[in-house]
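**Student:** The structure's right below; bear with me while I get my questions together.
Number of protein chains: 2
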Amino acid sequence: MKIGVIGGGQLGRMLALAGTPLGMSFAFLDPAPDACSQALGEHLRGDYNDHEHLRRLADDVDLVTFEFESVPAETVAFLSQFVPVYPSAEALRIARDRWFEKSMFKDLGIPTPDFADIQSQADLDAAVAAIGLPAVLKTRTLGYDGKGQKVLRQAQDVVGAFAELGSVPCLLEGFVPFTGEVSLVAVRGRDGETRFYPLVHNRHDSGVLALSIASTDHPLQGLAEDYVGRVLKQLDYVGVLAFEFFEVDGGLKANEIAPRVHNSGHWTIEGAECSQFENHLRAVTGLPLGSTAKVGESAMLNFLGSVPAVEKVAAIADCHLHHYGKAFKVGRKVGHATLRSKDMATLKARIAEVEALINA
Amino acid sequence: MKIGVIGGGQLGRMLALAGTPLGMSFAFLDPAPDACSQALGEHLRGDYNDHEHLRRLADDVDLVTFEFESVPAETVAFLSQFVPVYPSAEALRIARDRWFEKSMFKDLGIPTPDFADIQSQADLDAAVAAIGLPAVLKTRTLGYDGKGQKVLRQAQDVVGAFAELGSVPCLLEGFVPFTGEVSLVAVRGRDGETRFYPLVHNRHDSGVLALSIASTDHPLQGLAEDYVGRVLKQLDYVGVLAFEFFEVDGGLKANEIAPRVHNSGHWTIEGAECSQFENHLRAVTGLPLGSTAKVGESAMLNFLGSVPAVEKVAAIADCHLHHYGKAFKVGRKVGHATLRSKDMATLKARIAEVEALINA
C-alpha cells in the first residue's frame with residue numbers, strides 16, 4: 001500500500017516512520033527542496049496546485065492524506081477525481097477557515113468564545129462594540145502557531161488592525177479568561193469506529209506549543225469526547241483529528257480543530273499503545289484502529305530553533321528524542337522529546353531536566 | 001551523523017527506523033536490487049568486496065556497522081583504513097567462525113558442548129569416536145538459521161557427511177540434551193559501559209526462530225550476564241551482541257554469539273524502554289546507552305514465508321506489526337509481530353491468537 005502525503009515536513013516524516021513497519025510506502029508532495037520527509041519516501045517537489053505533480057502523485061499511490069490543513073480546496077477536488085482522499089475535502093474546507101469552523105461549533109451546540117466574521121475595518125469596529133475587549137483578531141485562513149493574529153487589548157489596538165493583518169477575511173474572537181488549555185486527539189475509521197486519546201494539558205509559549213502532558217481520568221474527558229464526537233460525525237471524518245479547548249469555569253470552550261495528526265499528540269509515539277501516526281494510517285487505509293490507552297505517564301517537549309546536543313538528550317532517563325532532520329532556525333519546530341515515566345512525580349522531574357537543557 | 005551499514009535487510013531497516021529520530025541518516029551496501037532497507041536510506045548496490053563501493057561508502061559516512069556477521073574479513077580491514085568500524089574486525093573474525101567462537105568460550109571458562117575442528121572425513125570419524133553420537137556437524141562459517149549443518153544420530157549418518165557439507169572446514173559439536181533455549185542481548189558502549197536485556201526464551205522450528213518471550217527475574221540472568229560480560233570484555237566489543245545458550249541441568253551451555261542486533265531482540269522495539277536497534281546505534285556513535293528495562297510483558301513471533309493479512313494482525317490487541325517489505329518466499333523471514341501485554345496470562349492468550357493467524 002502506497003500513501004501519498006500532501007506536505008513533507010515532520011508530520012509526514014513521523015507518519016512514514018509509523019507506516020513503514022505496516023508494510024506501507026510513501027510519496028510526499030512538497031515544494032521545499034529540503035523537505036524532511038524525503039529520507040523516508042519519494043519526494044515529489046512541486047507546488048500544491050501543480051496539476052502535473054498532483055496527477056503523478058495520484059497515479060502512483062493508493063490514497064492521499066495531508067500533513068497540514070492549509071491545502072487549497074481546489075487541490076483536494078482535483079486529487080479526488082483520481083484517488084481516495086482522507087480526510088475529506090469538506091473536512092478540510094471547514095477546518096482551514098476559522099469562520100466555518102466556529103460556525104460549525106455553534107451549530108453543534110459546542111461552547112466557543114463569542115466570534116464575528118470580519119470583512120472590513122467597519123465590521124471590526126462593530127464587532128468590538130458587540131463582543132468587547134480584550135479580543136483576538138485572526139485571519140480566517142492560513143494562521144498557525146500564533147501567526148496571523150493580533151491581540152486587541154484597548155481601543156487604540158483596534159485602529160487599523162484589519163489592514164495590519166493584510167485586509168483579508170478575519171474572525172474576531174472574544175478573549176476567554178481560561179485556566180488551562182487542553183486538547184483531545186481522536187481517530188475515526190472509515191466504518192465510523194471512533195477512539196479518543198486521553199486529554200492532554202498544553203502549555204504554549206508565545207503562541208507555540210511548548211509542553212504537553214497526558215492526563216489520567218481527567219474530569220472533562222467525557223465532555224470533550226462528546227464535543228469531538230459531534231464534529232467527527234458531522235464531518236463523516238476519517239483519520240486523526242485534534243481538538244483544542246480552553247478550560248473555563250470547570251467546563252470547555254472550543255478553540256480550534258486540526259484535521260490531521262497534531263503536535264499535542266506526539267507523546268503517543270512512546271506514550272500510547274498505538275501512536276496517533278499509526279492510528280491515522282490505520283483509519284485512512286481501513287484497518288482496525290489501535291488502542292489509544294496510555295503506557296505509563298507521558299509528556300512531550302518541543303525543541304524550537306535547535307535540538308540540544310544529542311548526547312545530553314540521550315543521557316536523560318525515560319527520554320526519547322525525535323529529531324526532525326530540519327535546518328535549525330529561530331523559532332522553528334525542529335524536534336521534540338517524549339518522556340515516558342512510571343509515575344507523575346518522576347515525569348515532572350524528567351520534564352525539569354529537559355527544560356533545563358532547552359534553557360541552557 | 002551518517003551511518004554506513006553493511007547489508008540492507010530487515011536488520012538494517014530496523015536500525016534506520018530507530019536511528020532516524022535520533023537525527024541519523026543511513027547508507028546501505030547490499031548487492032540485492034530489492035534490499036528492503038533502501039526505503040530508509042541510500043542504497044549502494046555492490047558486492048561486499050567491491051573496493052570502489054566500499055570506498056564510496058567510507059567517504060560518505062561517519063562510521064560503519066554491520067547487520068550480518070558473514071562479512072569478509074578483508075572488507076572490514078579495507079574499510080577500517082578510512083572510517084571507524086564497529087564492532088571491530090576482531091569481533092567479526094571470532095563470531096563468524098564457529099571454531100574461533102567455541103575456542104574463545106573455552107578459554108573464558110564458559111561451558112559449551114564438546115566440540116572439535118573438522119578438516120577432513122578422517123577428522124570427523126576421530127571426533128565422533130571421542131565425542132559420541134548424537135552430534136551436530138556444522139560448517140565453521142556462513143551457517144545460519146539451521147543452514148550449513150547436519151545432525152548425526154547414528155553411525156551411518158557420519159559416512160560421507162564431511163563431503164555432504166561441501167568439504168569445507170567444519171565443527172563437530174556434541175549434542176546437548178537441553179531443556180530450553182535462551183538468549184541474552186547485550187550492548188556495550190565505546191567507553192565500556194555494558195547493559196543487558198532480560199533473558200529471552202526462544203522456540204525454534206526447523207532451526208529457525210519462531211517465538212521469543214522476554215523473561216522476568218530469570219534465575220539464570222546473573223549467570224548469563226557473567227558469561228556474556230566476559231566475551232564483551234575479551235573482544236573490547238562495541239555495539240549490540242546476542243548470545244544464545246542451551247539450558248542444561250539448571251545451568252547454561254554456550255551455543256553461539258551474533259555480533260549484531262538479533263532476531264531474539266526484536267521484541268525490544270515496543271517491549272523495552274530503549275530498543276536493541278537504538279542501543280546499538282547509541283553504542284557505536286558513542287552516545288549514552290538507553291535503559292534495557294522491560295515495558296510490560298513481551299513476546300515476538302516471526303512471520304516466515306508470508307505476512308498474514310495486515311487487517312487481521314492489526315485486529316489483535318497488544319499486537320505491533322513489523323512488515324519488512326520483502327518479497328514473500330517459502331521460509332524467508334518477512335516480518336514479525338511484537339506483543340506487549342499487561343501480564344503474562346494476557347500475553348499467552350495473544351500469542352495463541354497470532355499463532356492461529358500464522359497457522360490459518
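Top line first, the protein sequences correspond to chains U and Y.
Every letter in the first sequence is one number past the one before it in UniProt numbering, and letter 332, counting from 1, is 332.
Every letter in the second sequence is one number past the one before it in UniProt numbering, and letter 26, counting from 1, is 26.
For each residue, glycine too, the CB sits at the ideal point set by N, CA and C.
#1: Excluding the 5 residues flanking residue 313 of chain U on each side, which residues of the same chain have their C-beta closer than 8 Å to its C-beta?
#2: Could you pull the start and end residues of the alpha helix (DSSP H) that residue 359 of chain Y belongs to?
#3: Between residue 335 of chain U and chain Y, is any beta-carbon pair separated by less than 9 Å?
#4: By the 10 Å Cβ neighbour count, where 16 or more other Cβ atoms means buried, how is residue 113 of chain Y classified, buried or exposed?
#5: Going by alpha carbons, who is nearest to residue 208 of chain U out of U:169, U:149, U:230, U:360?
#6: What number of angstroms, rounded off, separates the C-alpha of residue 135 of chain Y from the C-alpha of residue 52 of chain Y?
#7: Taking the C-alpha atoms as reference points, what is the distance between residue 204 of chain U and residue 44 of chain U?
#8: Roughly how far, in whole angstroms, is the beta-carbon of residue 9 of chain U from the beta-carbon of residue 35 of chain U, given that I think they are within contact range, below 8 Å?
#9: In the structure shown, what three-state DSSP assignment does residue 37 of chain U receive?
#10: Got a sec: which bits of the segment 315-335 of chain Y sit with their beta carbon under 7 Å from any beta carbon on chain U, in order along the chain?
#11: Taking 9 Å as the CB-CB cut-off, is residue 198 of chain Y touching chain B?
#12: Considering only DSSP beta bridges, list what residue 201 of chain Y is partnered with.
#13: Roughly how far, in whole angstroms, is the beta-carbon of residue 238 of chain U from the beta-carbon of residue 185 of chain U, given that I think they are within contact range, below 8 Å?
#14: Quick one, which of Y:94, Y:304, Y:221 has its alpha-carbon nearest residue 206 of chain Y's?
#15: Just the chain Y side, please: which residues come within less than 9 Å of residue 299 of chain U by C-beta, in chain order?
#16: May I ask you to list the residues that DSSP assigns as paired with residue 142 of chain U?
#17: Excluding the 5 residues preceding and the 5 following residue 232 of chain Y in the sequence, name in chain order all residues of the same chain whose CB lies nearer than 8 Å to its CB.
#18: Span of the alpha helix (DSSP H) holding residue 280 of chain Y?
#19: Please tell me whether residue 308 of chain Y has its Cβ less than 9 Å away from any Cβ of chain U.
#20: Mind reading off the beta-carbon distance from residue 171 of chain U to residue 267 of chain U? Whole number of angstroms is fine, and I expect it under 8 Å.
#21: Name the one or two DSSP bridge partners that residue 239 of chain Y has.
#22: Any residues in the segment 276-299 of chain U with a beta carbon nearer than 8 Å to a beta carbon of chain Y? Which ones, in chain order?
#23: Closer than 9 Å between beta carbons: that is the criterion. Which residues of the segment 21-37 of chain Y meet it against chain U?
#24: Can you pull the chain Y neighbours of residue 164 of chain U, defined as C-beta to C-beta under 8 Å?
#25: Are the segment 243-251 of chain U and the segment 266-285 of chain U touching, with three or more C-beta to C-beta distances below 8 Å?
#26: Using the three-state DSSP reduction, which class does residue 24 of chain U fall into: helix, strand or coil?
#27: If we count Cβ pairs, one from each stretch, closer than 8 Å, do we get three or more for the segment 109-127 of chain Y versus the segment 151-162 of chain Y?
#28: Within this structure, are the beta carbons of residue 41 of chain Y and residue 27 of chain Y separated by less than 9 Å?
#29: Taking residue 161 of chain Y as part of the alpha helix (DSSP H), name the residues at either end of that continuous run.
#30: On the DSSP letters alone, give me the boundaries of the beta strand (DSSP E) that residue 303 of chain U sits inside.
#31: How far does the alpha helix (DSSP H) with residue 53 of chain Y in it extend, from its first residue to its last?
#32: Under the three-state reduction of DSSP, which class applies to residue 94 of chain U: helix, strand or coil?
#33: Where does residue 2 of chain U sit, in a helix, a strand or coil, going by DSSP?
#34: Do residue 3 of chain U and residue 24 of chain U have their C-beta atoms closer together than 9 Å?
#35: Does the beta carbon of residue 273 of chain Y sit closer than 9 Å to a beta carbon anywhere in chain U?
#36: Hey, is residue 39 of chain Y's beta-carbon within less than 9 Å of any beta-carbon in chain U?
**Tutor:** Once the coordinates are examined:
#1: 307, 319, 321, 337, 354, 357.
#2: From DSSP, the alpha helix (DSSP H) with residue 359 of chain Y extends over 344-359.
#3: At least one chain Y Cβ lies under 9 Å of residue 335 of chain U.
#4: So residue 113 of chain Y ends up on the buried side.
#5: When each option's Cα is compared against that of residue 208 of chain U, the closest is U:149.
#6: Between the alpha carbons of residue 135 of chain Y and residue 52 of chain Y lies a gap of roughly 43 Å.
#7: Going from the Cα of residue 204 of chain U to the Cα of residue 44 of chain U covers about 33 Å.
#8: About 7 Å separates the two Cβ atoms, so the contact holds.
#9: Residue 37 of chain U: helix per DSSP, three-state reduction.
#10: For the segment 315-335 of chain Y, the beta-carbon criterion of a distance under 7 Å to any beta-carbon of chain U is satisfied by 315, 317, 321, 322, 323, 325.
#11: Any reference to chain B falls outside this structure, whose protein chains are U and Y.
#12: Paired residue(s): Y:182, Y:213.
#13: Distance from residue 238 of chain U to residue 185 of chain U at the Cβ level is roughly 15 Å; contact not present, criterion being Cβ atoms closer than 8 Å.
#14: The shortest C-alpha separation from residue 206 of chain Y is found at Y:304.
#15: Correct list: empty, because the minimum Cβ distance to chain Y is about 16 Å.
#16: Looking at the DSSP assignment, residue 142 of chain U forms no beta bridge with any residue, so it has no partner.
#17: Correct list, in chain order: 186, 188, 194, 241.
#18: From DSSP, the alpha helix (DSSP H) with residue 280 of chain Y extends over 276-284.
#19: Judged by the 9 Å Cβ criterion, residue 308 of chain Y is not in contact with chain U.
#20: Incorrect: roughly 30 Å between the Cβ atoms, too far for contact.
#21: For residue 239 of chain Y, which the question treats as bridged, DSSP gives the partners Y:188.
#22: If the cut-off is 8 Å between Cβ atoms, the segment 276-299 of chain U has 282, 286, 287, 288, 290, 291, 295, 296 near chain Y.
#23: From the segment 21-37 of chain Y, only 21, 22, 23, 24, 25, 26 have a Cβ closer than 9 Å to chain U.
#24: Listed along chain Y, no residue sits closer than 8 Å to residue 164 of chain U by beta-carbon distance, the nearest being about 39 Å off.
#25: Contact between the segment 243-251 of chain U and the segment 266-285 of chain U is not established, with fewer than three Cβ pairs separated by less than 8 Å.
#26: Under the three-state reduction of DSSP output, residue 24 of chain U falls in the coil class, being neither helix nor strand.
#27: Taking 8 Å as the limit for Cβ pairs, the verdict is that the segment 151-162 of chain Y does touch the segment 109-127 of chain Y.
#28: Cβ distance < 9 Å, so residue 41 of chain Y and residue 27 of chain Y count as in contact.
#29: Where residue 161 of chain Y is concerned, the enclosing alpha helix (DSSP H) stretches over 161-164.
#30: Judged by DSSP secondary structure, residue 303 of chain U falls within the beta strand (DSSP E) whose first and last residues are 297-304.
#31: Residues 51-60.
#32: Correct three-state label for residue 94 of chain U: helix.
#33: Three-state DSSP puts residue 2 of chain U in a strand.
#34: In this structure, residue 24 of chain U lies closer than 9 Å to residue 3 of chain U by Cβ.
#35: A Cβ of chain U is located within less than 9 Å of the beta carbon of residue 273 of chain Y.
#36: Proximity of residue 39 of chain Y to chain U, defined by a Cβ-Cβ separation below 9 Å, is satisfied.
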